[in-house]
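*Asks:*
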Amino acid sequence: MRNETENNTNTDSVQEPEKKKGLLKRIGSLTKRLAKTKKGFVGKIKQAITLRGKLDEELLEEVESILIQADIGVETTLKIIERIRNEHRRKELNNPETILQVFKQTIYEMLKEREGKILWQPTSKPYVILTVGVNGVGKTTTIAKLAQKYKSLGKKVMLVAGDTFRAAAIEQLEIWAKRTGSDIIKQSMGADAASVCFDAISAARKRNTDVVIVDTAGRLHTKVNLMEELKKIVRVIKKQLPSAPDETLLVLDATTGQNAISQTRIFKADVDVTAIALTKLDGTAKGGVIIAIADLFDIPIKLIGVGEQADDLRDFNAQEFVDALFTEL
Ligand SMILES: Nc1nc2c(ncn2[C@@H]2O[C@H](COP(=O)(O)OP(=O)(O)O)[C@@H](O)[C@H]2O)c(=O)[nH]1
Ligand SMILES: [Mg+2]
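With the sequence shown counted from 1, adding 2 to any position gets you the working numbering.
1) Would D165 and D217 qualify as a contact pair, given that the criterion is a beta-carbon distance under 7 Å?
2) If the criterion is Cβ atoms closer than 7 Å, does the pair A246 and V162 meet it?
3) Find the nearest neighbour of T144 within the set R267, D317, K270, D325, judged by alpha-carbon distance.
4) For I131, does the three-state DSSP call read helix, strand or coil?
5) Of all the options A271, A294, I120, which has the alpha carbon lying nearest to the alpha carbon of N2?
6) Could you pull the DSSP bridge partners for I215 from this structure?
7) Is I303 helix, strand or coil by DSSP?
8) Start and end of the beta strand (DSSP E) containing V253?
9) Confirm, please, whether the CB-CB distance from M191 to A169 is below 7 Å.
10) Quick check on I306: buried or exposed, where buried means 16 or more other Cβ atoms within 10 Å of its Cβ?
11) For the segment 277-296 and the segment 153-160, state whether three or more C-beta atom pairs, one from each stretch, are separated by less than 8 Å.
12) With a threshold of 16 other CB atoms inside 10 Å of the CB of I74, please say whether the residue is buried or exposed.
13) For T7, name the three-state secondary structure that DSSP assigns.
14) Excluding the 5 residues flanking T286 on each side, which residues of the same chain have their C-beta closer than 7 Å to its C-beta?
15) Going by DSSP in three states, D272 sits in which element: helix, strand or coil?
16) Which residue from V139, V238, Q242, R181 puts its Cα closest to that of T281?
17) In whole angstroms, what separates the C-alpha of V253 from that of I101?
18) Per DSSP, D317 is paired with what?
19) If you run the structure through DSSP and keep just helix, strand and coil, what is E231?
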């Protein structure tokens, strides 16, 4: 974000070298945030490839075990290995650089297929974003970051305290509403979340709100309860605004590794998830799970969280991400 501001000072014709410099800076800062994942698997793979120097079954086996240990999952790992093997059949990969290049390209293609964009300039009003995900993954933090960004783009934002299960959740959202200068719609703890959403949509229409962001509970007494509540929220929102929610954002925590995969399965079964935000990529060696998410589900990955500050929520860009992973520090 800092780099974007720098670039924007270049008002009329942004020179190509300047653009490139901005991009390199952005990749550089992402590289630092992804340091643990880089070390955790890209580093190990690079080492294995350099040591062996040629592509053979032994190297493929080694790469396979590194990928599985890095939370990429068996299914996706086998797919990656198969693609490298096919490439080798097509054209012999006989030096470390080429092998690494094919590996990088394979991962890039898997991620690129799921690259999506959050609509920062919504075309309908109110634009409703419903966030879902289990407790602790970073839903409320992500909502705050989204609110901050929409505010900086001049939008009128409303936060909705749909996590009525915990009093602290409502308070936390209130603090973020104050800090970001957003409206908040809330009721007391234990209130019916769908009714809070009903109030929110009608208030948003009256107040000419641009963007409504709904927080939801990540845990209720049972999983069935949680899914029933989410479905009810969607029904109630639709009653007022049939096209909404415009985005149903599933928030996943990269540090949970393969758990993020089972969470996606569970939420996807009951809710029409339209986007994924993968948080906490900064503090984990398990960031490779993003490749499994991209491979196993047909849901666009739109946002990544790489820290706790407001500008640490970034648009997901497959090329930047892969470049950051493979860049030497
Ligand atoms: N390092 C890091 N921490 C994050 C990120 N996103 C959220 N967190 C932290 O994760 C914790 C749980 O976040 P919260 O938004 O309350 O989760 P919720 O229960 O899903 O609403 C908080 O301490 C956040 O600061 C991120 O991208 N990077
Ligand atoms: Mg929360």
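C-beta atoms are modelled at their ideal positions from N, C-alpha and C, and glycine is treated no differently. As the structure is a computational prediction, the values presented were derived from the model and not from experiment.
*Replies:* Let me spell this out:
1) As a position in the sequence shown, residue 165 is number 163, starting the count at 1. As a position in the sequence shown, residue 217 is number 215, starting the count at 1. Taking 7 Å as the Cβ cut-off, D165 and D217 qualify as a contacting pair.
2) By one-based count along the sequence shown, residue 246 stands at place 244. By one-based count along the sequence shown, residue 162 stands at place 160. Not a contact, by the Cβ cut-off of 7 Å.
3) Within the sequence shown, numbered from 1, the residue matching residue 144 stands at position 142. Taking only the C-alpha atoms, the option nearest T144 is D317.
4) In the sequence shown, counting from the first residue as 1, residue 131 sits at position 129. Residue state, collapsed to three classes: strand.
5) In the structure as shown, the chain starts at 3 and stops at 331, and residue 2 therefore has no counterpart that could be examined.
6) Start at 1 with the first residue of the sequence shown, and residue 215 comes out as number 213. Paired residues: I131, L161.
7) One-based indexing of the sequence shown puts residue 303 at position 301. Here I303 sits in strand by DSSP.
8) In the sequence shown, the residue the question calls residue 253 occupies position 251. 249-255 is the span of the beta strand (DSSP E), which, as asked, contains V253.
9) In the sequence shown, counting from the first residue as 1, residue 169 sits at position 167. In the sequence shown, counting from the first residue as 1, residue 191 sits at position 189. The answer is yes: Cβ separation under 7 Å.
10) In the sequence shown, residue 306 corresponds to position 304, counting from 1. Classification for I306: buried.
11) no
12) Sequence index remark: in the sequence shown, residue 74 carries index 72 (1-based). So I74 ends up on the buried side.
13) Here residue 7 refers to the residue found at position 5 when the sequence shown is read from its first residue. Annotation note: pLDDT 42 at T7 (below 50); position unreliable, coordinate value reported separately. In this structure, T7 counts as helix in the three-state DSSP scheme.
14) Stepping through the sequence shown from its first residue, residue 286 is reached at position 284. Excluding residues within five positions, the ones whose Cβ falls inside 7 Å are K38, T39, A256, T257.
15) Residue 272 sits at position 270 when you count from the first residue of the sequence shown. Three-state result, D272: helix.
16) Translated into positions along the sequence shown, residue 281 becomes position 279. If we check each option's Cα against that of T281, V139 comes out closest.
17) On the sequence shown, residue 253 is found 251 positions in, with the first residue counted as 1. On the sequence shown, residue 101 is found 99 positions in, with the first residue counted as 1. Distance between the alpha carbons of V253 and I101 is about 34 Å.
18) On the sequence shown, position 315 is the one that residue 317 refers to. DSSP output for D317 lists L305 as bridge partner(s).
19) Numbered from its first residue, the sequence shown carries residue 231 at position 229. Of the three classes helix, strand and coil, the one that applies to E231 here is helix, per DSSP.
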